[in-house]
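Q: Each position in the sequence shown, counted from 1, maps to that position plus 1153 in our numbering. Every residue, glycine too, gets a C-beta built ideally from N, C-alpha and C. These numbers come from a predicted model, not from an experiment.
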Amino acid sequence: MHHRLLLRRGAMPVPPPPQPRMPGVAGARLFASLPPPPPLQSRREVHVWYVCPDELNDRSQLDMYMELLSPSERKNALSMNGPRLQKDAMLSRALLRTTLSRYTDSKIDPRSFEFKKNKFGKPEILWRSDDSNMEWPLHFNISHTSSLIACGIAMDAPIGIDVEEKKRKTTKSILSLACRYFTPSEVDSLAKIADSDAQRKEFIKLWTLKEAYVKALGRGFSGAPFNKFSIQLKTNSRIQITKAPKACNDSDSGDYLSENWRFALAELNSSYYMAVCIEDNSRGLYFSFLNIGEVLKMAHCH
1154 MHHRLLLRRG
1164 AMPVPPPPQP
1174 RMPGVAGARL
1184 FASLPPPPPL
1194 QSRREVHVWY
1204 VCPDELNDRS
1214 QLDMYMELLS
1224 PSERKNALSM
1234 NGPRLQKDAM
1244 LSRALLRTTL
1254 SRYTDSKIDP
1264 RSFEFKKNKF
1274 GKPEILWRSD
1284 DSNMEWPLHF
1294 NISHTSSLIA
1304 CGIAMDAPIG
1314 IDVEEKKRKT
1324 TKSILSLACR
1334 YFTPSEVDSL
1344 AKIADSDAQR
1354 KEFIKLWTLK
1364 EAYVKALGRG
1374 FSGAPFNKFS
1384 IQLKTNSRIQ
1394 ITKAPKACND
1404 SDSGDYLSEN
1414 WRFALAELNS
1424 SYYMAVCIED
1434 NSRGLYFSFL
1444 NIGEVLKMAH
1454 CH
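In structure tokens:
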């Protein structure tokens, strides 16, 4: 699967590094037993691992992934309506656990991670106060569609990611949705796009970027409504974010909003838009998008 960086704010893309060859093994190979990931050199790096559930159909392999989940995660996955949703829910947790483990040089077993949620529901790693593993200041975020699961990893900096299908259908018109959720300036910008398909794609890009931002803030849509801030996709491939003017009768001050965030917007396999947002005050930020399905295939071949 190929990716193409579309827009960025103070960001430079880094192509996925070549993966070292690994000796072949009998049976299924877990995400965690894959070659070590490229190291996160600094807070300026972000790695996004993604996988298409349809590419993973080996029953014994899927059973092994299920065993990595906590009892509550397993119960939640099995409560989903139908085998496809159950598989997706299981894989998202397995991808998270094994990816985190690989960024600790596999010193932490995937099954050992514990998680907590902040008051807005964003999941975080639960590091114990006496835990020697706190030397890994890892942050993560997960997003998925019906056909792709993504896990973003950053070091010592909040991160938010969102992925949306480019052909995502909407029940209402684009402008009516924009009027409901976006700022007036964003609505005006969309209204100027005459081609309906181009307008829809621009709407999805904005939605994806906004979703990544509020997830990086740790507040989500309910804690940081989309109409509180504007995102502009500049013609020079830059992304600009500004606080929207405060309405007179608005009790929400929006003090939690800030502009010291960096973005990347990528197109994956001509089918998805993926946005990444990370808090960072430095000039440059490096993004890598890595398809774990391709690494799995390579691990089986060598």
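In angstroms with no decimal places, state the Cα-to-Cα distance between glutamate 1420 and methionine 1427.
A: Rounded to the nearest angstrom, the two C-alpha atoms are 6 Å apart.
Q: Buried or exposed: lysine 1228, going by 16 or more other Cβ atoms within 10 Å of its Cβ?
A: That one is exposed.
Q: What is the DSSP secondary structure of arginine 1321, counted as helix, strand or coil?
A: Note: arginine 1321 maps to coil in three-state DSSP.
Q: So, with DSSP's three-state summary, where would you put phenylalanine 1379?
A: If DSSP states are grouped into helix, strand and coil, phenylalanine 1379 belongs with the helices.
Q: Please report how far the alpha carbon of phenylalanine 1379 lies from the alpha carbon of tyrosine 1334, in whole angstroms.
A: Rounded to whole angstroms, phenylalanine 1379 to tyrosine 1334 spans 6 Å at the Cα level.
Q: If I follow the unbroken beta strand (DSSP E) through lysine 1396, where does it start and stop?
A: 1392-1396 is the span of the beta strand (DSSP E), which, as asked, contains lysine 1396.
Q: According to DSSP, is isoleucine 1346 part of a helix, a strand, or is it coil?
A: Three-state result, isoleucine 1346: coil.
Q: Would the beta-carbon of leucine 1248 fall within 8 Å of that of tryptophan 1202?
A: Yes, they are a contact pair.
Q: In this structure, what does DSSP give as the bridge partners for cysteine 1205?
A: Answer by DSSP bridge pairing: none, since cysteine 1205 is not bridged.
Q: Count the other CB atoms within 10 Å of the CB of glutamine 1352; is the residue buried (16 or more) or exposed (fewer)?
A: Result: buried.
Q: Compute the distance between the beta-carbons of histidine 1200 and serine 1441, then report whether it is under 8 Å.
A: Yes, the Cβ-Cβ distance between histidine 1200 and serine 1441 is below 8 Å.
Q: To the nearest angstrom, report how far apart methionine 1217 and isoleucine 1314 are at their CA atoms.
A: Roughly 27 Å separates the two Cα atoms.
Q: Does DSSP put glycine 1313 in a helix, a strand or coil?
A: Looking at glycine 1313 - three-state DSSP - the assignment turns out to be strand.
Q: How is phenylalanine 1416 classed by DSSP in three states: helix, strand or coil?
A: The answer is strand: DSSP assigns phenylalanine 1416 an E or B state.
Q: Short of 6 Å in beta carbon distance, which residues of its chain neighbour serine 1296, apart from the five on each side in sequence? Order them along the chain.
A: Correct list, in chain order: Ala1303, Ile1314, Asp1315, Val1316.
Q: From this set, Pro1263, Gln1393, Glu1364, Leu1193, which residue's C-alpha is nearest glutamate 1220's C-alpha?
A: It is Pro1263.
Q: Could you tell me if threonine 1395 is buried or exposed, where buried requires 16 or more neighbouring beta carbons within 10 angstroms of its beta carbon?
A: Label assigned to threonine 1395: exposed.
Q: Would you give the residue range spanned by the alpha helix (DSSP H) that asparagine 1229 belongs to?
A: From DSSP, the alpha helix (DSSP H) with asparagine 1229 extends over 1224-1231.
Q: If we ignore side chains and look at the alpha-carbon of each, how far apart do methionine 1175 and glycine 1376 end up?
A: Caution is warranted here: a pLDDT of 27 is assigned to methionine 1175, below 50, making its placement in the model unreliable, and no coordinate value can be reported.
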